[in-house]
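Line by line, the protein sequences are chains R and B.
The numbers in the numbering used here rise by one with no breaks, and the one at position 65 of the first sequence is 116.
The numbers in the numbering used here rise by one with no breaks, and the one at position 13 of the second sequence is 64.
Okay, structure first, notes after.
Number of protein chains: 2
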Amino acid sequence: MAETKPRTRDADATKARILAAAKSEFARLGLGGARVDEIAEKAQANKRMIYHYFGSKEDLFQVVLEEAYLDIRSAEQDLELDHLPPREALETLVRFTWQYYLDNPEFITLVNSANLHRGRHLEGSDRLRTASRRFVNMVRAILDRGVESGVFRVGVDPVQLNITIAAIGYYYLTNRYTGGILFERDFMTQPALKERLAFNIDTVMRLVLA
Amino acid sequence: MAETKPRTRDADATKARILAAAKSEFARLGLGGARVDEIAEKAQANKRMIYHYFGSKEDLFQVVLEEAYLDIRSAEQDLELDHLPPREALETLVRFTWQYYLDNPEFITLVNSANLHRGRHLEGSDRLRTASRRFVNMVRAILDRGVESGVFRVGVDPVQLNITIAAIGYYYLTNRYTGGILFERDFMTQPALKERLAFNIDTVMRLVLA
DNA sequence: CTTAAAAGTAACTAACTGGTGCGTTACCAG
DNA sequence: CTGGTAACGCACCAGTTAGTTACTTTTAAG
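Structure, rendered in structure tokens:
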């Protein structure tokens, strides 16, 4: 209602601060581990405001989660992959997915938390369902164009491919701590990250190339 | 000290019941979400016993986690993959990893919880480091044999390959709830599971074959 | 200026939660 | 039989925690 003038009282700004703080806390400690008081303090708001705007801790988590998903889906659309040749489009998607996880580490922990709770907090979101459908269609279109021009082989399921593209980046990053201990290497050095990305691009290319 | 005679008081059995209950609860709700009282009740033990045997909630989590990792590493060794031709050995590993995740769903959530806490609970475990080293060597040996016999290409890093084999199964299963909503399909039907396993075997084979 | 609605705050509560003090009971060596 | 010890259990903290109540302050319309 009012973003034109700076106000000492600004509902939208307060909401936004609460959401940002909640995102950070939920990502850091999970839904169960995050504390409402801590979120309120970090947001420079009062706990009462959280309940006023979002109803409950779980509802707040739900909003945070939906926003996080809509954000990555929106960023994917911005790539305009249908303007690129199939090979470049797919490689761009792999690079983007990897970089998005790196730039937005909260995303991964939020998704983990959502799945620990059996996806319960995402069930109602039609906005997300629509965005996801468009995303799958985008990848399907890339695959189709690649098959048509002879660079991709026939019969690759876009959903399975999507899952794999996410998986090979996501797993590496979410399990970097235990992975670092098990494999006795630092997963997060620049060379290690670069090597992993190259490996992942190679994996996806070998999977789809004719 | 006494496993020969059945006792009304059996420290080992009590410990084992506590560990089993803890594994189940930690897997279900995470380290933060699990309740010590609930674990005690499920174990048909007293909360006091948990602190007597394990010291603290975090120490208990640490033991549960280490046991879970040692269990999968031990099962991998039982496969005796060095007795199989390289191709079969690798495919067996991919199938085994997938089936292990399916049969032991707690493993995945425990690992997620461990990583949410930055791997802190695994840091001290030399037993696990040793087991992991042996595991990597096993995969390296398979790759080397495959290269030697000409079926595998040169230069595939066994650690990257391991991570990818785990990733493509792990991600699918850990994110099956949000995935089911996003992609509008049930990830856990028999046909869906079969299709995913086939896709994963294909992915790995295309990655290593000469 | 007035006023009502919206924004914001602090103090509180009822239910938990990890952890412990302390007493009891079964087991086994001698 | 008996005394010491390990196994066990009750009842209770002290500190949290999600959620609420009752209240004040700011905003903006008329």
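Heads up, the beta-carbon is just placed ideally off N, CA and C, and yes, glycines get one too.
Glutamate 109/B and arginine 257/B have their C-alpha atoms roughly 42 Å apart. Under DSSP, phenylalanine 203/B shares a beta bridge with Leu260/B. If you check each beta-carbon in the stretch 212-233 of chain B against every beta-carbon of chain R, the ones closer than 8 Å belong to Asn213, Ile214, Thr215, Ala217, Ala218, Ile219, Tyr221, Tyr222, Tyr223, Thr225, Asn226, Arg227, Tyr228, Thr229, Gly230, Gly231, Ile232, Leu233.
Going by DSSP, alanine 62/R is part of the alpha helix (DSSP H) stretching over 62-84.
The C-beta distance from tyrosine 151/B to alanine 126/B rounds to 6 Å, short enough to fall under 8 Å. For alanine 119/R, the CB contacts under 6 Å within the same chain, skipping 5 residues up- and downstream, are Phe158, Leu161 in chain order.
The Cβ atoms of leucine 173/B and alanine 182/B do not sit closer than 8 Å to each other. Interface annotation, leucine 248/B: not in contact with chain R, CB-CB separation never under 8 Å.
Around threonine 181/B, no beta-carbon contact reaches into chain R at under 8 Å, the shortest distance being about 11 Å.
A residue is called buried once 16 or more other Cβ atoms fall within 10 Å of its Cβ, and histidine 168/R is buried on that count. Ranked by how close their Cα comes to the Cα of isoleucine 214/B, the residues Leu179/R, Arg204/R, Tyr223/R, Asp122/R have Tyr223/R in first place.
DSSP assignment within the stretch 144-169 of chain R yields the following whole alpha helix (DSSP H) runs of 4 residues or more, N-terminal first: 156-167. Here asparagine 226/R is buried: its Cβ has 16 or more other Cβ atoms, across all protein chains shown, within 10 Å.
Distance from the CA atom of leucine 144/R to the CA atom of glutamine 128/R, rounded to whole angstroms, is 10 Å. The beta carbons of alanine 261/R and arginine 204/R sit closer together than 8 Å. Any Cβ of chain R closer than 8 Å to the Cβ of arginine 169/B would place that residue at the interface, and such an atom is present. Listed along the chain, the chain R residues whose CB falls inside 8 Å of the CB of glycine 83/B are Leu80, Gly81, Gly83, Gly84. Pairwise C-beta distances place the stretch 102-116 of chain R in contact with the stretch 67-78 of chain R, as three or more of them are shorter than 8 Å. Remark: C-beta atoms of leucine 82/B and phenylalanine 112/B approach each other more closely than 8 Å. In this chain, the alpha helix (DSSP H) harbouring proline 209/R covers 209-225. Look at phenylalanine 186/R here: in three-state DSSP terms it is helix.
For arginine 171/B, there is no enclosing alpha helix (DSSP H), since its DSSP letter is neither H nor E.
When the beta-carbon positions are compared, glutamine 211/B and phenylalanine 250/R come within less than 8 Å of each other. DSSP places glutamine 113/B inside the alpha helix (DSSP H), whose first and last residues are 108-129.
Residues Ile219 of the same chain have their beta carbon placed closer than 7 Å to that of threonine 254/B, with the five preceding and five following residues left out of the count.
Distance from proline 137/R to serine 200/R at the Cβ level is roughly 6 Å; contact confirmed, criterion being Cβ atoms closer than 8 Å. Interface with chain R (8 Å Cβ-Cβ cutoff): leucine 121/B is excluded.
CA-to-CA, the gap between lysine 93/R and isoleucine 252/B works out to about 46 Å. Look at glutamine 241/B here: in three-state DSSP terms it is helix. Taking all protein chains in view, the Cβ of alanine 78/R is crowded by 16 or more other Cβ atoms within 10 Å, so the residue is classified as buried.
The straight-line gap separating the alpha-carbon atoms of isoleucine 232/B and aspartate 61/B is approximately 47 Å. Using a Cβ-Cβ cut-off of 8 Å, glutamate 127/B does not count as an interface residue toward chain R, since no Cβ of chain R sits closer than that to its own. Not a single C-beta of chain B is nearer than 8 Å to the C-beta of leucine 194/R. For threonine 143/R, none of the residues of chain B pass the 7 Å Cβ criterion, the least Cβ distance being about 20 Å.
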